[in-house]
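The block underneath contains the structure these notes are about, expressed in structure tokens.
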Amino acid sequence: MTITADELTKALSEGKNLAKANLQGINLAQMDLSNADLSAANLIGANLSETNLKGANLEGADLRGVNLSKANLEGANLQNSYLFRSNLEGCCLKEAQLQGAKIQLARYDSYTVWPEGYNYRDSGAVGPKANLNGAFLNTANLKNADLKGANLRGAYLSGADLTGANLEDAALSGANLQGALLTGAYLRKARLIGAELQGADLRAADLTDANLEQLQNLAGADFTLAQGLTEDTKAMLCSRPAQELGTWNPFTRSNTAQSLGCTSVS
């Protein structure tokens, strides 16, 4: 049986712990849950944004898909917790205990505060300077994600939603971006050498100083209103095989040659 927010507040006021409680999908945004015992609780999909969880016991808690944006988890016990695909953007994890925590695909940003010495870049979490070499991120929701300087070499991003994402200076060489949504993405200085861009939606993306050499496949990629492409880069892309340039993007209904403004297709 799932506990409601009112029932939870009452339980806490009565000094009860909530260990192993079923709180799936509950909205506890901006609540004061400092020092609460939520060990082994089911919090899948809960909203804990801006919630005060300072000193809380979340050991073994299931926090998959939880919104912890701007939450205060200073000194919290998160040992052996499950944080898959949780939102840790702007979250304070200062002095939190993360031993054994499963943090793969959790999203963080430059405002996330990590415990001193914690190797978040190699944790499998997604954010600035993350090491995601060869990671499987197919169809992942990375809309507006901050991936500045991330290592995504050889990553599998087919069908991923990277709309508006910050990929400045990201390493995407050999990445599979087939069918990825990169509309309005910030790709300045991104390295896309040998990437797979078949069917990618790059409309209004900023490609200033991006390296697009030796692409695997460009068929159906849409560059409509893309910014920062030099004439030399456009000429290089327009020299791709006619079959690629003439392919229509099934989503945007534009072909690659048109989107690049190629004057002729060889």
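The opening residue of the sequence shown carries number 16 in the numbering used here; numbering runs sequentially from there.
Yeah, the Cβ is synthetic: ideal placement off N, Cα and C, and Gly gets one too.
None of the values given here were measured: they were computed from a predicted structure.
Spatially closest choice to residue i from the options, by CA coordinates
i, options, result
"Q242", "L260, A220, P256 and Y123", "A220"
"S188", "G174, A200 and L207", "L207"
"L119", "S96, A186, G261 and T267", "The amino acid at residue 119 is misidentified as Leu; the sequence shows Gln. Taking only the C-alpha atoms, the option nearest Q119 is S96."
"G276", "P265, G261 and F266", "G261"
"N226", "G214, G139 and T245", "T245"
"T278", "K117, M251, P265 and S28", "M251"
"R203", "L93, K163 and N37", "K163"
"A44", "A200, T66, F266 and L27", "T66"
Distance between beta carbons of residue j and residue i, contact taken as under 8 Å
i, j, result
"D21", "A34", "D21 to A34, Cβ: 19 Å. No contact."
"G70", "G90", "5 Å"
"L108", "V81", "Their Cβ separation, rounded to whole angstroms, is 14 Å, which puts L108 and V81 out of contact at 8 Å."
"A26", "A55", "At roughly 16 Å, the Cβ-Cβ gap does not stay under 8 Å, so A26 and A55 are not in contact."
Classification of residue i by the beta-carbon crowding that lies within 10 angstroms, buried from 16 upward
i, result
"T198", "buried"
"N134", "exposed"
"Q112", "buried"
"D184", "buried"
"E259", "buried"
"M46", "buried"
"E74", "buried"
"S173", "buried"
Cβ shell of residue i (< 7 Å), same chain only, five flanking positions each side left out
i, result
"D176", "N156, L157, K158 and L196"
"S125", "P143 and D161"
"G169", "N148, G149, G189 and A190"
"N146", "R136, D137 and N166"
"L212", "L192, L230, N232, L233 and A236"
Cut-off 8 Å between Cβ atoms - residues of its own chain near residue i, not counting five sequence neighbours on either side
i, result
"S281", "Legend: pLDDT at S281 = 47, less than 50; position of this residue unreliable, value from coordinates given subsequently. Closer than 8 Å at the Cβ level, and outside the excluded window around S281, lie S254 and A257."
"S269", "D237, T239 and W263"
"I41", "T17, I18, T19, A20, L23, L58, A61 and N62"
N- and C-terminal bounds of the alpha helix (DSSP H) containing residue i
i, result
"A26", "A20 to S28"
"A272", "T271 to L275"
"L113", "Where L113 is concerned, there is no enclosing alpha helix (DSSP H), given that its DSSP letter is neither H nor E."
"C253", "E246 to C253"
"L260", "A257 to L260"
Neighbourhood of residue i by C-beta, 6 Å cutoff - its chain only, sequence neighbours within 5 removed
i, result
"G105", "S84, K85 and Y126"
"S49", "N67, K69 and G70"
"N72", "D52, S54 and N92"
"F151", "Y171"
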